[in-house]
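Visitor:
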Amino acid sequence: MKKFIFIKTEIPGPKSKEIALSRNQFVAKPMSSSLTPSFIAHGEGSLVTDLDGNRFIDLTGGWGCLALGHSHPSVVAAITKQAEKFTHTDFTAVPYASFVQLCEKLSLLAPGNSQKSVALFNCGAEAVENAVKIAKGYTGRSGIVVFENAFHGRTLLAMSMTHKSFPYKYKFGPFASEIYRLPFLSQYHSSIQIDDLERVLINLVNPETVAGVVIEPIQGEGGFNVPKNGFLEKIKELCQKYGMFFIADEIQCGMGRTGKFFAVEHWNIEPDIICLAKALASGLPLSAVISRKKITDALPIGTIGGTYVGNPLGCQAALEVIRIIQEEDLLSKAVNIGKIIKDAFTSMKEKYPIIGDVRGLGAMVAMELVKGQKSKEPATEETEKIIQYCVQNGVLIAPAGLNKNVLRVLVSLTISTEQLEEALSVLEEGIAQI
Ligand SMILES: Cc1ncc(COP(=O)(O)O)c(C=O)c1O
Numbered sequence: 001m002k003k004f005i006f007i008k009t010e011i012p013g014p015k016s017k018e019i020a021l022s023r024n025q026f027v028a029k030p031m032s033s034s035l036t037p038s039f040i041a042h043g044e045g046s047l048v049t050d051l052d053g054n055r056f057i058d059l060t061g062g063w064g065c066l067a068l069g070h071s072h073p074s075v076v077a078a079i080t081k082q083a084e085k086f087t088h089t090d091f092t093a094v095p096y097a098s099f100v101q102l103c104e105k106l107s108l109l110a111p112g113n114s115q116k117s118v119a120l121f122n123c124g125a126e127a128v129e130n131a132v133k134i135a136k137g138y139t140g141r142s143g144i145v146v147f148e149n150a151f152h153g154r155t156l157l158a159m160s161m162t163h164k165s166f167p168y169k170y171k172f173g174p175f176a177s178e179i180y181r182l183p184f185l186s187q188y189h190s191s192i193q194i195d196d197l198e199r200v201l202i203n204l205v206n207p208e209t210v211a212g213v214v215i216e217p218i219q220g221e222g223g224f225n226v227p228k229n230g231f232l233e234k235i236k237e238l239c240q241k242y243g244m245f246f247i248a249d250e251i252q253c254g255m256g257r258t259g260k261f262f263a264v265e266h267w268n269i270e271p272d273i274i275c276l277a278k279a280l281a282s283g284l285p286l287s288a289v290i291s292r293k294k295i296t297d298a299l300p301i302g303t304i305g306g307t308y309v310g311n312p313l314g315c316q317a318a319l320e321v322i323r324i325i326q327e328e329d330l331l332s333k334a335v336n337i338g339k340i341i342k343d344a345f346t347s348m349k350e351k352y353p354i355i356g357d358v359r360g361l362g363a364m365v366a367m368e369l370v371k372g373q374k375s376k377e378p379a380t381e382e383t384e385k386i387i388q389y390c391v392q393n394g395v396l397i398a399p400a401g402l403n404k405n406v407l408r409v410l411v412s413l414t415i416s417t418e419q420l421e422e423a424l425s426v427l428e429e430g431i432a433q434i
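Here it is, written out as structure tokens:
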């Protein structure tokens, strides 16, 4: 007997099916697929109710944007209050205080002792693009180093920095130039030794022409890959040796998900530049580039910006998100949630040989599904079947990894233990079926 999940029609139900017909007709086809065929009517915390009254437990958290869950009352109140005052000016035309307050908060939260300054944008890709512009603008260098399995977004530069060809790069070349890709050495997959990194780097590119190394401290889309011990430290060391900026893409792993506000804090590293987005404003389009003050402030006025950047609704939402993460100690909550998920996944791994690896930090936990423990051959179709079983039985969970054979949990950090356990039991049923 389920307490939170409530499935009363086939999935999708008749109302969702009706909207799907119009979607097929009017929505651009490349944007017409979705994890669940049901259309949402409303969300509350970690629960989503569809148009037909079916209720799901959402482990996708809006693809990692909803650290506080759907429609957190404090965030809703902050946005509503702001909307009644003004919704837009463009900060460079008529400035507003919340933009400044958010930059102040983020600069004080960022790791390390050096003074920071912050630029706000709309989405993750835009933050990454601007971090690269800033690094190039400051150093006068043109190269960028990225990693295998990386995902940095879909705009031209971010897409070029992203690893996976299909669907992200399709026939969209020519790509941005001077992007060099190193292996990402994780605990489960490592193609070279850490000591080989410098040699591989200097064979790829003269590091003295590289403006920055852009790295997800824990890779998101690429499979929740946790770096091998010593890997991030080595990257930082190479950055310092050759004058390259260490640019942390914390768009998926930041904002408390791993149990620290910034994932990179697990390694005691002070990045030169940090990108944030996703959970920053509870799903409103807002991103940030935090850098050592002397870096971004060295660029001339007007060299970065945009009409909608740092929208006042987003700034108010972000101030609330940060306040709640701190006041409700969601960092400890992330650790507790992560422990429940990891324990459950680990005991499933003992029962089901299809689970090759369980990994993650804090609430950023995933399992990798393989056809053989030794071969590590990706179990892609099986992963999709498990996801579909979950959807049909009231749990929304997302895939990850170049081969889509990783199940990742991006649940909101406010989920109750009871809800989480109910969702995990459905997931286990799905794995047992396979
Ligand atoms: C690590 C990382 N960087 C960048 C992006 C791109 O963000 P957006 O989709 O907001 O452009 C994403 C999105 O998933 C991401 O996970």
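Numbering (the working numbering), first residue to last: 1 to 434.
Even glycine gets a Cβ: it sits at the ideal position worked out from N, Cα and C.
From a predicted model like this one, the values you see are computed outputs, not experimental measurements.
1. Using a threshold of 8 Å, is the CB atom of residue 388 nearer than that to any non-hydrogen atom of ligand 1?
2. Can you have a look at residue 302 and say buried or exposed, based on whether 16 or more other CB atoms are within 10 angstroms of its CB?
3. For the alpha helix (DSSP H) containing residue 258, list its first residue and its last residue.
4. Taking all protein chains shown into account, decide if residue 423 is buried (16 or more other Cβ within 10 angstroms of its Cβ) or exposed.
5. With residue 232 as the anchor, note down where its alpha helix (DSSP H) starts and where it stops.
6. I want to see whether chain D comes within less than 9 Å of residue 114, judged by CB atoms only; does it?
7. Helix, strand or coil for residue 338 per DSSP?
8. Find out if the Cβ-Cβ distance for the pair residue 205, residue 143 is shorter than 9 Å.
9. Could you please give the first and the last residue of the uninterrupted alpha helix (DSSP H) stretch that includes residue 451?
10. Which residues in the same chain have their Cβ closer than 6 Å to the Cβ of residue 265, if we skip the five residues on either side of it in sequence?
11. Can residue 277 be considered in contact with ligand 1, in the sense that its beta carbon sits closer than 8 Å to one or more heavy atoms?
12. Buried or exposed: which applies to residue 19, given that a residue is buried once 16 or more other Cβ atoms fall within 10 Å of its Cβ?
13. In chain order, which continuous runs of the beta strand (DSSP E) of length 3 or greater are located wholly inside the stretch 48-134?
14. Could you pull out every unbroken alpha helix (DSSP H) segment of at least 4 residues lying fully inside the stretch 138-196, listed in chain order?
15. Rank 395, 407, 413 by C-alpha distance to the C-alpha of residue 4 and give the top, closest one.
16. List in chain order the residues whose CB is within less than 6 Å of at least one heavy atom of ligand 1.
17. Give the DSSP-derived three-state secondary structure of residue 202 in the structure shown.
18. Please name the residue, chosen from 350, 310, 173, that lies closest to residue 93 on a Cα-to-Cα basis.
19. Given a cut-off of 9 Å, decide if residue 162 and residue 153 are closer than it, judged by their beta-carbon atoms.
20. Quick one: Cα of residue 402 to Cα of residue 135, how far?
21. Along the beta strand (DSSP E) that carries residue 361, what are the first and last residues, could you check?
22. To the nearest angstrom, how far is the alpha carbon of residue 324 from that of residue 433?
23. Does the beta-carbon distance from residue 43 to residue 16 come in below 9 Å?
24. Could you give the residue range of the alpha helix (DSSP H) that holds residue 14?
25. With residue 315 as the anchor, note down where its alpha helix (DSSP H) starts and where it stops.
26. I'd like to know whether the C-beta atoms of residue 260 and residue 362 end up nearer to each other than 9 Å.
27. Excluding the five sequence neighbours on either side, which residues of its own chain have a C-beta within less than 7 Å of the C-beta of residue 83, listed in chain order?
28. Please report the distance separating the alpha-carbon of residue 243 from that of residue 213.
29. For residue 221, tell me which candidate among 398, 37, 11 has the shortest Cα-Cα distance.
30. Rank 262, 358, 322 by C-alpha distance to the C-alpha of residue 339 and give the top, closest one.
31. Would residue 147 and residue 219 be called neighbours here (beta carbons separated by less than 9 Å)?
32. How should residue 27 be labelled, buried or exposed, when 16 other C-beta atoms within 10 angstroms of its C-beta is the threshold for buried?
33. If residue 412 and residue 66 are in contact, beta carbons under 8 Å, what's the gap, nearest whole angstrom?
34. Considering only the beta carbon of each residue, do residue 179 and residue 191 sit closer than 9 Å?
35. DSSP three-state label for residue 284, please.
36. So what does residue 40 bridge to, in DSSP terms?
Guide: This is what the structure gives:
1. Indexing the sequence shown from 1 puts residue 388 at position 388. No, ligand 1 has no heavy atom inside 8 Å of this Cβ.
2. Taking the first residue of the sequence shown as 1, we reach residue 302 at position 302. Residue 302 is exposed by the Cβ-count criterion.
3. The residue labelled residue 258 in the question sits at position 258 within the sequence shown. Neither: residue 258 is in no alpha helix (DSSP H) and is coded neither H nor E.
4. Against the sequence shown, residue 423 aligns to sequence position 423. Classification for residue 423: buried.
5. Indexing the sequence shown from 1 puts residue 232 at position 232. Element bounds for residue 232: 231-242.
6. Checking the listed chains, one finds no chain D in this structure; it contains a single protein chain.
7. Within the sequence shown, residue 338 is the residue found at index 338, counting from 1. Looking at residue 338 - three-state DSSP - the assignment turns out to be helix.
8. The count along the sequence shown starts at 1 and reaches residue 205 at position 205. The count along the sequence shown starts at 1 and reaches residue 143 at position 143. Against a cut-off of 9 Å, the Cβ pair of residue 143 and residue 205 comes out as a contact.
9. What the structure shows of the chain is the stretch from 1 to 434, and residue 451 is not part of that stretch, so it cannot be assessed.
10. Residue 265 sits at position 265 when you count from the first residue of the sequence shown. Excluding sequence neighbours, residue 265 sits near 111.
11. Your numbering for residue 277 matches position 277 in the sequence shown. Yes - ligand 1 has a heavy atom lying nearer than 8 Å to the Cβ of residue 277.
12. Stepping through the sequence shown from its first residue, residue 19 is reached at position 19. When all chains shown are included, residue 19 counts as exposed.
13. 55-58, 116-121
14. 156-161
15. As a first step, residue 4 must be located in the sequence shown, where it is residue number 4. Nearest C-alpha to residue 4: 395.
16. 123, 124, 125, 128, 151, 152, 153, 216, 220, 221, 249, 251, 252, 277
17. Sequence index remark: in the sequence shown, residue 202 carries index 202 (1-based). Residue 202: helix per DSSP, three-state reduction.
18. The sequence position of residue 93 within the sequence shown is 93, counting from 1. Nearest of 350, 310, 173 to residue 93, Cα basis: 310.
19. For the purposes of this step, residue 153 is taken as the residue at position 153 of the sequence shown. For the purposes of this step, residue 162 is taken as the residue at position 162 of the sequence shown. Yes, the pair counts as a contact, with Cβ atoms nearer than the cut-off.
20. For the purposes of this step, residue 402 is identified with residue 402 of the sequence shown, where counting begins at 1. For the purposes of this step, residue 135 is identified with residue 135 of the sequence shown, where counting begins at 1. Cα to Cα, the separation comes out at about 28 Å.
21. Position 361 of the sequence shown holds residue 361. Counting along the chain, the unbroken beta strand (DSSP E) around residue 361 starts and ends at 355-361.
22. Walking along the sequence shown from the start, residue 324 turns up at place 324. Walking along the sequence shown from the start, residue 433 turns up at place 433. Whole-angstrom Cα-Cα distance: 39 Å.
23. Working through the sequence shown from its first residue, we reach residue 43 at position 43. Working through the sequence shown from its first residue, we reach residue 16 at position 16. Their beta carbons are not under 9 Å apart, which means residue 43 does not touch residue 16 by this criterion.
24. Mapped onto the sequence shown, residue 14 falls at position 14. Taken as a continuous stretch (DSSP letters only), the alpha helix (DSSP H) holding residue 14 covers 14-26.
25. Sequence index remark: in the sequence shown, residue 315 carries index 315 (1-based). 312-327 is the extent of the alpha helix (DSSP H) around residue 315.
26. Within the sequence shown, residue 260 is the residue found at index 260, counting from 1. Within the sequence shown, residue 362 is the residue found at index 362, counting from 1. In contact: residue 260 and residue 362 (Cβ atoms closer than 9 Å).
27. Counting from 1 along the sequence shown, the entry for residue 83 is found at position 83. If we look at residue 83 and ignore the five residues flanking it on each side, its Cβ neighbours are 313.
28. Reading the sequence shown from its first residue, position 243 is the one you call residue 243. Reading the sequence shown from its first residue, position 213 is the one you call residue 213. Roughly 10 Å between the two C-alpha positions.
29. As a working mapping, residue 221 is identified with position 221 in the sequence shown. When only C-alpha atoms are compared, the closest one is 398.
30. Position 339 of the sequence shown, counted from the first residue, corresponds to residue 339. The shortest C-alpha separation from residue 339 is found at 358.
31. What you label residue 147 is simply residue 147 of the sequence shown in a count that begins at 1. What you label residue 219 is simply residue 219 of the sequence shown in a count that begins at 1. Yes, Cβ-Cβ distance for residue 147 and residue 219 is below 9 Å.
32. The residue given as residue 27 occupies position 27 in the sequence shown. Classification of residue 27: exposed, given that the 10 Å Cβ count is below 16.
33. Against the sequence shown, residue 412 aligns to sequence position 412. Against the sequence shown, residue 66 aligns to sequence position 66. About 5 Å; that satisfies the 8 Å criterion.
34. For the purposes of this step, residue 179 is identified with residue 179 of the sequence shown, where counting begins at 1. For the purposes of this step, residue 191 is identified with residue 191 of the sequence shown, where counting begins at 1. Their beta carbons are not under 9 Å apart, which means residue 179 does not touch residue 191 by this criterion.
35. Here residue 284 refers to the residue found at position 284 of the sequence shown. In the structure shown, residue 284 sits in coil (DSSP, three-state: anything other than H, G, I, E or B).
36. Indexing the sequence shown from 1 puts residue 40 at position 40. DSSP output for residue 40 lists 50 as bridge partner(s).
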